[in-house]
Amino acid sequence: MSAPVRRPISMLTCHVDHRRGNRAPARSAATHARAASASEILGLDPIADNARLRERIGVMLQGGGGYPAARAGEMLDLVASYAADPLDPAWLMDTLGLTDSARTTYRRLSGGQQQRLALACAVVGRPELVFLDEPTAGMDAHARIVVWELIDALRRDGVTVVLTTHQLTEAEELADRIVIIDHGVAVATGTPAELMRSGAENQLRFSAPRKLDLSLLVAALPEGYNAVEAAPGEYLVEGHIDPQVLATVTAWCARVNVLATDMRVEQRSLEDVFLDLTGRELRS
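Residue numbers (my numbering): -8 to 275.
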């Protein structure tokens, strides 16, 4: 009898949070830093099955973890030697644009290069599950795209990816499913499309040369609509934007002697959803 074929089932779940500390529980479960009550990873107990689990997961933490005096290529070769069937380290170095830095010591790599090397170390062992903490932090646009392509390739190969990021564009680009976290609590979860469809159906964005009294604008709108200042001088009217609502906003601006510019109707972005759920004020 032939061996059963396991069909790869993969998902990229992204945790989005404006405060790094709130992501600690996911990282702790990944690294077994503490016992999580009633938690399992790949059907195994993170504490009791520690050794078996380490063979099946990869972890990339933001910042640190490298041997300062080790050369980049040597470090990846060392990590690969721990795996039974590793990916080709030379291929990974080339894919992530690190070949020319293979003989450079870790301490002399740029921040972006250190991040790419950490990613290579996390995936070289062919993990079934990989945790990536801010994988593109400190990278330029070109390096970020290269990393995104590798992460997407992992997912297509059946690897489950759990990614934490502050970059909402990254979450929208990569994730099958997103969890938005506020003060350590998951306040929303869904696919990017589901989250962007939630709440307001679309929005009207416009600019104004002076600060507006939005309570007066909301009073002029039909019931159920909201208006917020998204940025200094930039305003959003949220709800189902139809010709009547557009005419109401235009007429209100004329009545208060404000010339509205850059007026456009658009779908809500993931950033809009995030700010609606976690608040728009600055937090320490």
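Even glycine gets a Cβ: it sits at the ideal position worked out from N, Cα and C.
*Under a Cβ-count criterion, where at least 16 other Cβ atoms within 10 Å of its own Cβ denotes burial, should residue 150 be classed as buried or exposed?*
As a working note, residue 150 is residue 159 in the sequence shown. With 16 or more other Cβ atoms within 10 Å, it is buried.
_Using CA atoms only, rank isn't needed, just tell me which of 259, 205, 173 is closest to residue 269._
For this step, residue 269 is matched to residue 278 along the sequence shown. The candidate whose alpha carbon is nearest that of residue 269 is 173.
*asked:* Quick check on the DSSP output: the beta strand (DSSP E) that includes residue 198 runs from which residue to which?
replied: Along the sequence shown, one-based indexing puts residue 198 at 207. From DSSP, the beta strand (DSSP E) with residue 198 extends over 193 to 198.
*Can you tell me the Cα-Cα spacing of residue 105 and residue 98, whole angstroms?*
Residue 105 sits at position 114 when you count from the first residue of the sequence shown. Residue 98 sits at position 107 when you count from the first residue of the sequence shown. Those two C-alpha atoms are separated by around 9 Å.
*Expressed to the nearest angstrom, what Euclidean distance is found between the alpha-carbon atoms of residue 66 and residue 82?*
The residue given as residue 66 occupies position 75 in the sequence shown. The residue given as residue 82 occupies position 91 in the sequence shown. So the two alpha carbons sit approximately 14 Å from each other.
_Presumed contact (8 Å Cβ cut-off) between residue 168 and residue 182, rounded CB distance_ = Start at 1 with the first residue of the sequence shown, and residue 168 comes out as number 177. Start at 1 with the first residue of the sequence shown, and residue 182 comes out as number 191. Contact flag correct, Cβ pair sits at about 6 Å.
*Within 10 angstroms of its Cβ, does residue 114 collect 16 or more other Cβ (buried), or is it exposed?*
Along the sequence shown, one-based indexing puts residue 114 at 123. Its Cβ being crowded by 16 or more others within 10 Å, residue 114 is buried.
*asked:* Quick check: the Cα distance between residue 162 and residue 261, rounded to an integer number of angstroms?
replied: Sequence index remark: in the sequence shown, residue 162 carries index 171 (1-based). Sequence index remark: in the sequence shown, residue 261 carries index 270 (1-based). Looking at the two C-alpha atoms, the distance is approximately 9 Å.
_I need the straight-line Cα distance from residue 24 to residue 259, nearest angstrom please._
Stepping through the sequence shown from its first residue, residue 24 is reached at position 33. Stepping through the sequence shown from its first residue, residue 259 is reached at position 268. Note that residue 24 has pLDDT 44, beneath the 50 cutoff, so the model's placement of it is unreliable and the number below is only indicative. Approximately 38 Å, taken between the alpha carbons.
*Could you give the distance in angstroms between the alpha-carbon of residue 89 and the alpha-carbon of residue 108?*
Against the sequence shown, residue 89 aligns to sequence position 98. Against the sequence shown, residue 108 aligns to sequence position 117. Those two C-alpha atoms are separated by around 8 Å.
*Measure the alpha-carbon distance for residue 126 versus residue 198 and round it to whole angstroms.*
Position 135 of the sequence shown holds residue 126. Position 207 of the sequence shown holds residue 198. Between residue 126 and residue 198, the C-alpha separation is close to 35 Å.
*Which residues bound the beta strand (DSSP E) around residue 245?*
As a position in the sequence shown, residue 245 is number 254, starting the count at 1. No beta strand (DSSP E) contains residue 245, which is instead part of the alpha helix (DSSP H) from 234 to 246.
*For the beta strand (DSSP E) that contains residue 218, what are its first and last residues?*
The count along the sequence shown starts at 1 and reaches residue 218 at position 227. Element bounds for residue 218: 217 to 222.
_So, with DSSP's three-state summary, where would you put residue 259?_
In the sequence shown, the residue the question calls residue 259 occupies position 268. It is coil, neither helix nor strand.
*May I ask which residues mark the beginning and end of the alpha helix (DSSP H) holding residue 150?*
For the purposes of this step, residue 150 is identified with residue 159 of the sequence shown, where counting begins at 1. That residue, residue 150, is in no alpha helix (DSSP H); it is neither H nor E in DSSP.
*Which same chain residues, not among the five before or five after residue 117, have their C-beta less than 7 Å away from its C-beta?*
Here the question's residue 117 lines up with position 126 in the sequence shown. These residues qualify, in order along the chain: 74, 76, 77, 78.
*Since residue 186 and residue 264 are thought to touch, with beta carbons under 8 Å apart, how far apart are those beta carbons, to the nearest angstrom?*
Along the sequence shown, one-based indexing puts residue 186 at 195. Along the sequence shown, one-based indexing puts residue 264 at 273. Sure, about 5 Å apart at Cβ, within 8 Å.
*Spell out the partners DSSP gives residue 226 in its beta bridges.*
Here residue 226 corresponds to residue number 235 of the sequence shown, with the count starting at 1. Note: residue 226 sits in a beta bridge opposite 197, 220.
*Take residue 21 and list the residues in its own chain whose beta-carbon comes closer than 8 Å to its own, dropping the five residues that flank it on each side.*
Counted from its first residue, the sequence shown places residue 21 at position 30. Because residue 21 sits at a pLDDT of 47, beneath the cut-off of 50, its placement in the model cannot be relied upon, and the following sentence gives the value as read from the coordinates. Contacts found: 32, 48, 50, 122, 153.
*Report all residues from its chain with a CB closer than 6 Å to the CB of residue 64; omit the five preceding and five following residues, and keep chain order.*
Walking along the sequence shown from the start, residue 64 turns up at place 73. Excluding positions up to five away in sequence, the list reads 93.
*asked:* Please give me, in chain order, every unbroken run of the alpha helix (DSSP H) with length at least 4 that falls completely inside the region 22 to 78.
replied: 41 to 45, 63 to 72
*Own chain residues within Cβ distance below 6 Å of residue 219, not counting five before or after*: Position 228 of the sequence shown, counted from the start, is the residue given in the question as residue 219. Here the set comprises 227.
*Taking residue 323 as part of the alpha helix (DSSP H), name the residues at either end of that continuous run.*
Given that the chain is displayed from residue -8 to residue 275, the structure contains no residue 323 and the question cannot be resolved.
*In terms of alpha-carbon separation, which member of 223, 224, 222, 240 lies closest to residue 230?*
Locating residue 230 in the sequence shown gives position 239, counting from the first residue. Minimum Cα distance to residue 230 is reached at 240.
*How should residue 135 be labelled, buried or exposed, when 16 other C-beta atoms within 10 angstroms of its C-beta is the threshold for buried?*
Locating residue 135 in the sequence shown gives position 144, counting from the first residue. Answer is buried; the Cβ neighbour count reaches 16.
*Identity of the residue in 194, 43, 111 nearest residue 52 by Cα*: On the sequence shown, position 61 is the one that residue 52 refers to. When only C-alpha atoms are compared, the closest one is 111.
*I think residue 141 touches residue 86, with their Cβ atoms under 8 Å apart; what is that distance to the nearest whole Å?*
Residue numbering aside, residue 141 sits at position 150 when the sequence shown is read from its first letter. Residue numbering aside, residue 86 sits at position 95 when the sequence shown is read from its first letter. That belief holds up - the Cβ atoms of residue 141 and residue 86 are roughly 6 Å apart, short of 8 Å.
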